[in-house]
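Notes for the one structure printed next.
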Amino acid sequence: MSPIQDLVHKVNKYKSTIQNTIEYRKQWEDGTKEEIKKFLNQVIEETKLPATIELRAGMANLESIVFSLGVEPSGIFERVGQEFKKNLYKSNGMLIFQQLFNGKIVILIAYPHIEEIAEPKPPKNIEIIRPDELTSEFMFRYVDTFLNEIIEWEDFDDNLPHKIGFNSGFQNNGLVV
3 MSPIQDLVHK
13 VNKYKSTIQN
23 TIEYRKQWED
33 GTKEEIKKFL
43 NQVIEETKLP
53 ATIELRAGMA
63 NLESIVFSLG
73 VEPSGIFERV
83 GQEFKKNLYK
93 SNGMLIFQQL
103 FNGKIVILIA
113 YPHIEEIAEP
123 KPPKNIEIIR
133 PDELTSEFMF
143 RYVDTFLNEI
153 IEWEDFDDNL
163 PHKIGFNSGF
173 QNNGLVV
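In our numbering, the protein residues as written are 3 to 179.
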């Protein structure tokens with residue numbers, strides 16, 4: 003292939019990629035985001051999981067759907083003087099379907115964390131897919147993976163072969179020797 007033919011091939015690939023972005027964004031708007039919300043609502047209804055669904059749409063074509071287990075008092079508090087206590091709150095984790103700049107969708111897990119105890123564990127990137135690849139089977143797998151990760155975090159045990167959640171944060175804060 004000649005150098006100019008190689009460039010022509012790359013220009014065509016570039017044009018195709020830009021067209022894909024336009025099509026993926028349209029698919030998101032025309033149904034993908036509603037399918038995700040409908041599926042997650044079904045999970046909540048059928049499992050009685052105490053979760054909420056939020057569409058974060060501050061930026062066009064960068065929307066996200068957040069499946070959140072909420073925020074609640076952690077049961078941990080800091081004594082402030084003799085009479086007062088400051089409750090620390092726990093974010094229970096989130097499964098996020100985030101629209102990327104190119105119209106593809108990244109699926110992320112945001113781990114639970116307790117405020118002021120440690121920095122949250124970085125989100126876990128499960129997968130990046132095209133809107134037309136998102137099936138109910140994939141969404142079942144994402145929710146299953148999410149619940150497994152959250153259960154593992156909640157059931158922290160030092161017998162596990164790897165560090166979970168806030169263990170490293172406790173060590174960094176000097177709370178664990």
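A virtual CB, placed ideally from N, CA and C, is assigned to each residue, including glycine.
Residue i, DSSP secondary structure in three states
{"i": "Glu25", "result": "helix"}
{"i": "Arg132", "result": "coil"}
{"i": "Ser4", "result": "coil"}
{"i": "Tyr144", "result": "helix"}
{"i": "Phe158", "result": "coil"}
{"i": "Gln84", "result": "coil"}
{"i": "Thr137", "result": "coil"}
Beta-carbon proximity of residue i to residue j, cut-off 8 Å
{"i": "Leu97", "j": "Ile116", "result": "no"}
{"i": "Lys92", "j": "Glu74", "result": "yes"}
{"i": "Asn94", "j": "Pro114", "result": "yes"}
{"i": "Ser70", "j": "Ala53", "result": "yes"}
{"i": "Ile55", "j": "Asn43", "result": "yes"}
Contacting residues, own chain, Cβ-Cβ under 7 Å from residue i (five flanking each side not counted)
{"i": "Lys106", "result": "Tyr26, Ile130, Ile131 and Arg132"}
{"i": "Ile128", "result": "Ile109, Leu110, Ile111, Tyr144 and Thr147"}
{"i": "Val45", "result": "Leu51 and Val145"}
{"i": "Val82", "result": "Lys88"}
Cutoff 8 Å; reference residue i; Cβ partners in own chain excluding five residues on either side
{"i": "Glu37", "result": "Leu136"}
{"i": "Arg58", "result": "Glu65, Ser66, Ile67 and Val68"}
Exposure of residue i, with buried meaning 16 or more beta-carbon neighbours within 10 Å
{"i": "Phe86", "result": "exposed"}
{"i": "Glu151", "result": "buried"}
{"i": "Pro5", "result": "exposed"}
{"i": "Lys35", "result": "buried"}
{"i": "Phe142", "result": "exposed"}
{"i": "Phe99", "result": "buried"}
Neighbourhood of residue i by C-beta, 6 Å cutoff - its chain only, sequence neighbours within 5 removed
{"i": "Trp30", "result": "Gln101 and Pro133"}
{"i": "Glu118", "result": "Leu90"}
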